[in-house]
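Asks:
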Amino acid sequence: MALGIAMRRLAAHEAAVESLSRAVALAPKNAQAWFNLGLAYRASGNSARCARARYPGATRRSARARLRSESEKSTAGEINQ
Numbered sequence: 000m001a002l003g004i005a006m007r008r009l010a011a012h013e014a015a016v017e018s019l020s021r022a023v024a025l026a027p028k029n030a031q032a033w034f035n036l037g038l039a040y041r042a043s044g045n046s047a048r049c050a051r052a053r054y055p056g057a058t059r060r061s062a063r064a065r066l067r068s069e070s071e072k073s074t075a076g077e078i079n080q
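Position 9 of the sequence shown, counting from 1, maps to 8 under numbering that gives the first Met the number 0, and the rest follow consecutively.
#1: Leaving out the 5 sequence neighbours to the left and right, which residues in its chain are closer than 7 Å to A5 when beta-carbon positions are compared?
#2: DSSP three-state call for L9: helix, strand or coil?
#3: Can you tell me the Cβ-Cβ gap for L19 and N35, rounded? I've got them flagged as a contact below 8 Å.
#4: Buried or exposed: which applies to G3, given that a residue is buried once 16 or more other Cβ atoms fall within 10 Å of its Cβ?
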């Protein structure tokens, strides 16, 4: 992953995408690798791929956070009544 980040910083976008794609394939739960892959796609001008380069667990975590937030709001409403 470090190589991909370095290549992205050096504006070697194709090499960065290739390296970070390998990093994601080897460690699919590594959110930092997914994030940097998205940045590399964006820097290369491939905004469609950038939007799809998301950590798979991110949407699940967001859903859990939403449920927790809704639960806290309903609990707060019960306390205020």
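Note that the Cβ used here is the ideal one computed from N, Cα and C, for glycine as well.
Only a predicted model underlies this, so the values are computations on that prediction, with no experimental measurement involved.
Replies: The relevant details are as follows:
#1: Annotation for A5: no residue places its beta carbon closer than 7 Å to its own, counting only its chain and skipping 5 residues before and after.
#2: coil
#3: That pair is a contact at about 5 Å.
#4: buried
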